[in-house]
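There are 2 protein chains.
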Amino acid sequence: MLGGMIEARHLRVLRAVAATGSFSAAARELGCTQPAVSQQMKVLEGAAGTPLLIRSGREMRLTEAGRALVRHATGILAGLTAAEEEVAAIAGLRAGRVRLVSFPSGSSTLVPMALAELRAAHPGTRVSLVEAEPPGSVEMLRSGDCEIALAFRYPQMGEEASGEWDDLVLRPLLNDRLVGVVPEGHKFAGAGAVGIAELAGEPWIAGCPRCRGHLVEVCESEGFTPRIDFATDDYPTVIGLVGAGLGVAVLPELALESVRTKGATTLEVEPAVRREVVALTLPDLARVPAVAATLDRLEQAARR
Amino acid sequence: MLGGMIEARHLRVLRAVAATGSFSAAARELGCTQPAVSQQMKVLEGAAGTPLLIRSGREMRLTEAGRALVRHATGILAGLTAAEEEVAAIAGLRAGRVRLVSFPSGSSTLVPMALAELRAAHPGTRVSLVEAEPPGSVEMLRSGDCEIALAFRYPQMGEEASGEWDDLVLRPLLNDRLVGVVPEGHKFAGAGAVGIAELAGEPWIAGCPRCRGHLVEVCESEGFTPRIDFATDDYPTVIGLVGAGLGVAVLPELALESVRTKGATTLEVEPAVRREVVALTLPDLARVPAVAATLDRLEQAARR
DNA sequence: TCCGAGCATAAGCGACCCTTGGGGATGGGC
DNA sequence: GCCCATCCCCAAGGGTCGCTTATGCTCGGA
Numbered sequence: 006m007l008g009g010m011i012e013a014r015h016l017r018v019l020r021a022v023a024a025t026g027s028f029s030a031a032a033r034e035l036g037c038t039q040p041a042v043s044q045q046m047k048v049l050e051g052a053a054g055t056p057l058l059i060r061s062g063r064e065m066r067l068t069e070a071g072r073a074l075v076r077h078a079t080g081i082l083a084g085l086t087a088a089e090e091e092v093a094a095i096a097g098l099r100a101g102r103v104r105l106v107s108f109p110s111g112s113s114t115l116v117p118m119a120l121a122e123l124r125a126a127h128p129g130t131r132v133s134l135v136e137a138e139p140p141g142s143v144e145m146l147r148s149g150d151c152e153i154a155l156a157f158r159y160p161q162m163g164e165e166a167s168g169e170w171d172d173l174v175l176r177p178l179l180n181d182r183l184v185g186v187v188p189e190g191h192k193f194a195g196a197g198a199v200g201i202a203e204l205a206g207e208p209w210i211a212g213c214p215r216c217r218g219h220l221v222e223v224c225e226s227e228g229f230t231p232r233i234d235f236a237t238d239d240y241p242t243v244i245g246l247v248g249a250g251l252g253v254a255v256l257p258e259l260a261l262e263s264v265r266t267k268g269a270t271t272l273e274v275e276p277a278v279r280r281e282v283v284a285l286t287l288p289d290l291a292r293v294p295a296v297a298a299t300l301d302r303l304e305q306a307a308r309r
Numbered sequence: 006m007l008g009g010m011i012e013a014r015h016l017r018v019l020r021a022v023a024a025t026g027s028f029s030a031a032a033r034e035l036g037c038t039q040p041a042v043s044q045q046m047k048v049l050e051g052a053a054g055t056p057l058l059i060r061s062g063r064e065m066r067l068t069e070a071g072r073a074l075v076r077h078a079t080g081i082l083a084g085l086t087a088a089e090e091e092v093a094a095i096a097g098l099r100a101g102r103v104r105l106v107s108f109p110s111g112s113s114t115l116v117p118m119a120l121a122e123l124r125a126a127h128p129g130t131r132v133s134l135v136e137a138e139p140p141g142s143v144e145m146l147r148s149g150d151c152e153i154a155l156a157f158r159y160p161q162m163g164e165e166a167s168g169e170w171d172d173l174v175l176r177p178l179l180n181d182r183l184v185g186v187v188p189e190g191h192k193f194a195g196a197g198a199v200g201i202a203e204l205a206g207e208p209w210i211a212g213c214p215r216c217r218g219h220l221v222e223v224c225e226s227e228g229f230t231p232r233i234d235f236a237t238d239d240y241p242t243v244i245g246l247v248g249a250g251l252g253v254a255v256l257p258e259l260a261l262e263s264v265r266t267k268g269a270t271t272l273e274v275e276p277a278v279r280r281e282v283v284a285l286t287l288p289d290l291a292r293v294p295a296v297a298a299t300l301d302r303l304e305q306a307a308r309r
């Protein structure tokens with residue numbers, strides 16, 4: 006039904022014939038038999054509606070239409086191989102760009118490590134990073150604004166349906182333990198571990214809205230409602246506030262990785278609370294080599 | 006055996022999918038069914054080695070490789086349609102160039118008439134004209150220096166094998182009668198007809214080498230050898246020489262068509278001698294529309 | 001909850017393409 | 001002048017590819 010069109014295959018054959026001057030030589034160059042070349046040319050001449058080459062005794066010459074077609078074939082086939090090469094480069098991790106969205110504590114720890122290793126292994130792949138908290142980052146993923154979204158979730162939280170990411174490819178990276186942070190002079194400073202309920206009376210400093218929501222949930226299950234005096238998603242700020250004695254906090258361990266905890270000290274909390282840090286992508290994108298490679302490096306960095 | 010290549014058909018489908026945003030719409034646009042599009046894209050993705058588009062819920066988006074391929078497809082398909090159009094123009098007589106070689110008396114009579122009609126019918130086809138006498142013009146045809154050769158031959162001449170043009174396409178144009186030319190004051194001037202043998206004692210003025218050879222042959226078969234005082238392939242010169250009373254000549258009627266015969270008068274010769282004027286081309290070239298059209302106009306002009 | 005739209009899959013079938021084998025013509029070598 | 005190698009065309013066979021029909025599934029919207 007879609008017949009009559011000139012196909013790239015025809016142009017390859019024609020070019021080989023024009024270059025070699027004979028069907029047999031073209032067939033050798035193309036790695037097929039001579040009748041195959043003969044038939045291809047017959048089909049092409051049929052599509053063109055005019056002879057393309059003249060068999061004059063020994064040599065094979067082009068007609069005007071044949072010359073015109075060869076002239077175009079050069080550019081067309083060059084464009085085609087260029088396209089193939091570019092696609093092959095993307096598929097072969099020699100090129101390509103991945104847009105990664107991460108929450109702050111991930112982008113300051115996992116991401117740099119993963120990208121460094123990716124860069125070392127595949128210098129051609131470029132990864133761009135944008136920061137966004139989970140609800141928005143997943144939205145960006147779905148709307149096509151990024152290829153990978155680093156996100157986290159609290160397994161216990163029931164408010165967000167556990168099936169929210171069912172249509173996504175989920176790569177678990179690490180289980181991030183939450184640790185308490187108190188001023189160095191605090192009464193629990195040297196305790197090593199503390200029950201959350203024991204901090205009921207303290208002023209609290211909360212992190213991002215999502216973490217804050219989870220914090221409240223956990224505290225309420227422990228029998229109290231925390232008095233939150235400050236809330237900021239900037240973890241150095243949280244540490245600074247704690248260090249200044251303005252309150253206590255419970256932060257993901259990952260968030261403390263890249264923050265100097267001067268003036269504050271950490272301690273385990275009871276009950277143990279963890280958040281799950283995962284990389285999300287779309288099913289089709291998971292099969293894109295550059296995306297898969299980035300996911301692998303992220304996983305590798307998380308295992309450290 | 007030549008698999009794995011990206012074909013133009015794939016790019017057409019991909020472009021349609023990218024443009025419409027859905028397989029079904031692309032199928033409608035391409036005039037095929039939806040599974041056909043689905044399979045094409047699967048094959049293309051297999052050849053590319055990476056997904057090209059992501060099925061995200063309702064909408065269909067391109068991956069980076071898909072965008073790269075679409076970007077290239079634009080140029081490739083444009084080049085392909087340009088090639089098809091150019092070939093179609095040549096095949097449809099809206100373009101194209103024909104190189105015509107003719108002997109002088111043909112190029113001054115038949116050719117202008119034929120080219121005028123060709124120009125009127127197909128303004129796009131251009132014909133270039135070069136003058137050459139038959140032995141050389143056929144050589145040019147065989148060596149690819151022209152598409153059509155106007156030539157003539159003397160049927161009686163045995164020296165040139167009658168099979169010399171067997172591998173060519175021969176289009177008979179006209180049988181050119183040879184007429185005698187004598188000065189106006191000549192004793193045969195008003196005779197209307199004369200036997201060649203009666204001119205045995207006259208000084209002769211011969212035309213082109215080929216005609217001269219034939220003239221000698223005819224005269225010898227009539228029992229005498231002509232005394233040739235002048236030989237030139239420029240017919241006005243021949244007429245001028247005859248008009249000046251320097252001799253007699255036997256010329257093709259066609260050659261007199263465009264020459265003012267002042268000072269000379271024509272008469273029929275016995276035995277009647279004719280030369281056959283034909284258009285020659287190569288078998289493959291005869292099927293080239295522009296060549297065929299030119300041949301038709303030449304034949305048409307000769308019938309006049 | 002039903003329904004329409006859209007994509008994927010499987011089976012069937014036709015077309016296409018390549019191969020093999022043989023014939024004819026051309027041009028060079030002895 | 002004859003032989004032979006090369007090259008192209010032709011015909012037939014087989015395998016693959018691509019398109020179509022039919023079916024099932026998912027997703028959104030009424």
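In order, the protein sequences belong to chains C and U. Here the first sequence is numbered in my numbering, starting from 6 and rising by one per residue. Here the second sequence is numbered in my numbering, starting from 6 and rising by one per residue. Ideal Cβ placement from N, Cα and C applies to all residues, glycine included.
Could you say which of C/D181, C/G250, C/A137, C/H127 lies nearest to C/P188 if we only look at CA atoms?
C/G250
In the DSSP output, what is U/L98 paired with across the bridge?
Looking at the DSSP assignment, U/L98 forms no beta bridge with any residue, so it has no partner.
Out of curiosity, what's the CA-to-CA distance linking U/R258 and U/L120?
The displayed chain sequence assigns Glu, not Arg, to residue 258 of chain U. If you take the alpha carbons of U/E258 and U/L120, they lie about 21 Å apart.
According to DSSP, is C/F193 part of a helix, a strand, or is it coil?
coil
What residues in its chain sit with their C-beta under 7 Å from that of U/A360, if we drop five residues either side in the sequence?
This structure leaves residue 360 of chain U out entirely; chain U is present only between 6 and 309.
If you draw a straight line from the alpha carbon of U/G228 to that of U/L220, how long is it in whole angstroms?
Each residue's CA atom was taken as its position, placing U/G228 and U/L220 some 12 Å apart.
At 4 residues or longer, what runs of the alpha helix (DSSP H) sit wholly inside the stretch 95-157 of chain U?
109-112, 115-126, 139-147
Which residues share a DSSP beta bridge with U/A236?
U/A211
How many angstroms separate the CA atom of C/K267 from the CA atom of U/E64?
50 Å
Would a check of beta-carbon distances place C/H77 closer than 9 Å to chain U?
yes
Beta carbon proximity, U/M46 to chain C, threshold 9 Å
no
Buried or exposed for C/G195, going by 16 or more other Cβ atoms inside 10 Å?
exposed
Closest to U/A284 by C-alpha separation, out of U/A125, U/A154, U/L35, U/F28, would be which residue?
U/A154
Could you tell me which chain U residues have their CB closer than 9 Å to the CB of C/L173, listed as they occur along the chain?
Simply none; closest approach about 10 Å.
What residues in the stretch 86-105 of chain C have a beta carbon less than 8 Å from any beta carbon of chain U?
A87, A88, E89, E91, V92, A93, I95, A96, G97, G101, R102
How big is the Cα-Cα spacing for U/G183 and U/A295?
Per the sequence shown, the amino acid found at residue 183 of chain U is Leu instead of Gly. U/L183 and U/A295: Cα-Cα distance of roughly 32 Å.
Using a beta-carbon distance below 9 Å, is U/T230 in contact with chain C?
no
Rounded to whole angstroms, what is the Cα-Cα separation between U/L173 and U/E144?
12 Å
Report yes or no: do the stretch 73-91 of chain U and the stretch 105-115 of chain U share at least 3 C-beta pairs separated by less than 8 Å?
no
Residues of chain C with a CB under 8 Å from the CB of U/P294: which are they?
Taking a Cβ-Cβ cut-off of 8 Å, the neighbours of U/P294 in chain C comprise G54, T55, given in sequence order.
Among U/L178, U/F193, U/P40, which one has its Cα closest to the Cα of U/G185?
When the alpha-carbon of U/G185 is set against those of U/L178, U/F193, U/P40, the nearest one is in U/F193.
Go through its chain and collect everything with a Cβ distance to C/E304's Cβ below 7 Å, but skip five positions before and after it.
Cβ contact annotation for C/E304 (same chain, cutoff 7 Å, sequence separation greater than five): R176, L178, in chain order.
For the pair the stretch 124-136 of chain C and the stretch 89-102 of chain U, tell me if three or more CB-CB distances fall below 8 Å.
Under the 8 Å Cβ criterion, the stretch 124-136 of chain C does not count as touching the stretch 89-102 of chain U, having fewer than three qualifying pairs.
Are the C-beta of C/R302 and some C-beta of chain U separated by less than 9 Å?
no
Given C/R14, which residues of its chain have a CB within under 8 Å of its CB, disregarding the five upstream and five downstream residues?
Q45
Looking only at its chain, what residues have a beta carbon closer than 7 Å to the beta carbon of U/P208, apart from the 5 residues adjacent to it on each side?
R232, D234, L251, G252
Interfacial residues, the stretch 113-144 of chain C to chain U, with Cβ spacing under 7 Å
none
Could you tell me how far apart the beta carbons of U/R302 and U/L123 are, in whole angstroms, since I believe they sit closer than 8 Å?
About 5 Å; that satisfies the 8 Å criterion.
Measuring only between beta-carbons, confirm whether C/R14 sits less than 9 Å from chain U.
yes
Are the beta-carbon atoms of C/V264 and C/I244 separated by less than 9 Å?
yes
Going by C-alpha distance, which of C/Q39, C/G71, C/T38, C/R66 is nearest C/G54?
C/G71
Measure the CB-CB distance between C/A211 and C/V247 and report whether it falls below 9 Å.
no
Are U/R280 and U/F157 touching if we call contact CB-CB under 9 Å?
yes
Does any residue of chain C bring its CB to less than 9 Å from the CB of U/E69?
yes
Taking 9 Å as the CB-CB limit, is C/E164 close to chain U?
Reliability of the predicted coordinates at C/E164 is poor, the pLDDT of 49 falling under 50, and no value is obtained from them.
Take C/E34 as the anchor and find which of C/P40, C/E90, C/V22 has the nearest alpha-carbon.
C/V22
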